[in-house]
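Trainee:
In my numbering, the protein residues as written are 8 to 229.
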């Protein structure tokens, strides 16, 4: 019986020792895990401290070049002055006052905008030219014929009326105004010029052109 009690006592004592050892191991594991958790928090602290550091600002030098003002050349200045002069001329013509009538003969390949640019320096004056000559041009301003004469208005102090010199031409048998224009002016469409210049003799009637008729022809057309 005593032996039985002794064995039970030994067994209980052994179990007590084993329980104490397990508890010690658990405490060590808990402490190690706490250390690991505390160690994991260190990088967060380091990161926060790094984020609070002032950022480095890089500055770059930007090269700037001085803008040198460009001045018009002598040729450009001359063109500007010429345009300004033509514009003043246009304004003088549009404004009722000291303007006179001059005649302009339409050249081959002319059109109203081209005439306006050449005579007044601005394209929009073609409307005024059309207004002055609507009786000759008709309803279509795009259709004009060479060797017709248009009325233009110019300031008195700038107008340069064209003056023509004439010579006599005796009509030969078989000739027409068409053939005479081709022979003397180099363009048979210039027959209309001969007709106008000799209206006093022909009275705009081509049947009155007879051999021996003396016509006056221009030494030049323009």
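We put the beta carbon where it would ideally sit given N, CA and C, even for glycine.
1) As a quick exercise: from 164, 162, 145, 163, pick the residue whose alpha carbon is nearest that of residue 155.
2) Taking DSSP as the reference, what is the three-state secondary structure of residue 200?
3) Since residue 106 contacts residue 160 with CB under 8 Å, what's their CB separation in whole angstroms?
4) Give the secondary structure of residue 106 by DSSP, where H, G and I count as helix, E and B as strand, and everything else as coil.
5) Can you tell me where the beta strand (DSSP E) holding residue 225 begins and where it ends?
6) Among 192, 183, 15, 116, whose alpha-carbon lies nearest the alpha-carbon of residue 149?
7) Which residues in the same chain have their Cβ closer than 8 Å to the Cβ of residue 78, if we skip the five residues on either side of it in sequence?
8) Can you tell me whether residue 211 is buried or exposed? The criterion is at least 16 other CB atoms within 10 Å of its CB, across all chains shown.
9) For residue 220, which residues of its own chain have a beta-carbon under 6 Å away from its beta-carbon, when the five flanking residues on both sides are left out?
10) Using 10 angstroms around the beta-carbon of residue 136, count the other beta-carbons present and answer buried if the total reaches 16, otherwise exposed.
11) What residues in its chain sit with their C-beta under 7 Å from that of residue 108, if we drop five residues either side in the sequence?
12) Hey, residue 195 and residue 223: beta-carbon distance below 8 Å or not?
13) Decide if residue 123 is buried, meaning its Cβ has at least 16 other Cβ atoms within 10 Å, or exposed.
14) Can you give me the start and stop residues for the alpha helix (DSSP H) that residue 209 sits inside?
15) Considering only residues of the same chain and omitting the five flanking positions on each side of residue 186, which have a CB-CB separation below 8 Å?
16) Three-state secondary structure (DSSP) at residue 160?
17) By the DSSP assignment, the alpha helix (DSSP H) with residue 118 in it spans what residues?
18) Measure how close the beta-carbons of residue 226 and residue 175 come, nearest whole angstrom, since I'm counting them as under 8 Å.
19) Counting C-beta neighbours from all protein chains within 10 Å, is the total for residue 198 16 or more, i.e. buried, or is it exposed?
20) With DSSP run on the structure shown, which of helix, strand or coil describes residue 74?
Mentor: With the given structure in hand:
1) Position 148 of the chain shown, counting from 1, holds the residue named residue 155. Comparing Cα-Cα distances from residue 155 to each of 164, 162, 145, 163, the minimum goes to 145.
2) Translated into the one-based positions of the chain shown, residue 200 becomes position 193. Residue state, collapsed to three classes: helix.
3) Residue numbering aside, residue 106 sits at position 99 when the chain shown is read from its first letter. Residue numbering aside, residue 160 sits at position 153 when the chain shown is read from its first letter. At roughly 5 Å, the Cβ-Cβ gap stays under 8 Å, so residue 106 and residue 160 are in contact.
4) Counted from its first residue, the chain shown places residue 106 at position 99. Strand, per DSSP.
5) Residue numbering aside, residue 225 sits at position 218 when the chain shown is read from its first letter. That run of the beta strand (DSSP E) goes 221 to 225.
6) Against the chain shown, residue 149 aligns to sequence position 142. Closest option to residue 149, Cα to Cα, is 116.
7) Walking along the chain shown from the start, residue 78 turns up at place 71. Low confidence applies to residue 78: its pLDDT is 45, below 50, so where it sits in the model is not reliable, and the reading given next is rough at best. Excluding residues within five positions, none has a Cβ falling inside 8 Å.
8) Residue numbering aside, residue 211 sits at position 204 when the chain shown is read from its first letter. With fewer than 16 other Cβ atoms within 10 Å, it is exposed.
9) Along the chain shown, one-based indexing puts residue 220 at 213. Answer for residue 220: 178, listed in chain order.
10) Counting from 1 along the chain shown, the entry for residue 136 is found at position 129. It counts as buried.
11) Translated into the one-based positions of the chain shown, residue 108 becomes position 101. Taken in chain order, the residues that qualify are 158, 160.
12) In the chain shown, counting from the first residue as 1, residue 195 sits at position 188. In the chain shown, counting from the first residue as 1, residue 223 sits at position 216. Against a cut-off of 8 Å, the Cβ pair of residue 223 and residue 195 comes out as no contact.
13) By 1-based counting over the chain shown, the position of residue 123 is 116. Looking at its Cβ environment, which holds 16 or more other Cβ atoms inside 10 Å, residue 123 is buried.
14) The residue labelled residue 209 in the question sits at position 202 within the chain shown. First-last of the alpha helix (DSSP H) with residue 209: 206 to 209.
15) Here the question's residue 186 lines up with position 179 in the chain shown. Only 195 meet the Cβ criterion.
16) Mapped onto the chain shown, residue 160 falls at position 153. Residue 160: strand per DSSP, three-state reduction.
17) As a working note, residue 118 is residue 111 in the chain shown. Element bounds for residue 118: n/a, residue is neither H nor E.
18) Position 219 of the chain shown, counting from 1, holds the residue named residue 226. Position 168 of the chain shown, counting from 1, holds the residue named residue 175. Residue 226 to residue 175, Cβ: 12 Å. No contact.
19) Locating residue 198 in the chain shown gives position 191, where the first residue counts as 1. So residue 198 counts as buried.
20) As a position in the chain shown, residue 74 is number 67, starting the count at 1. Any reading at residue 74 must be qualified, since the residue scores a pLDDT of 42, below 50, and its modelled position is unreliable; no value is offered.
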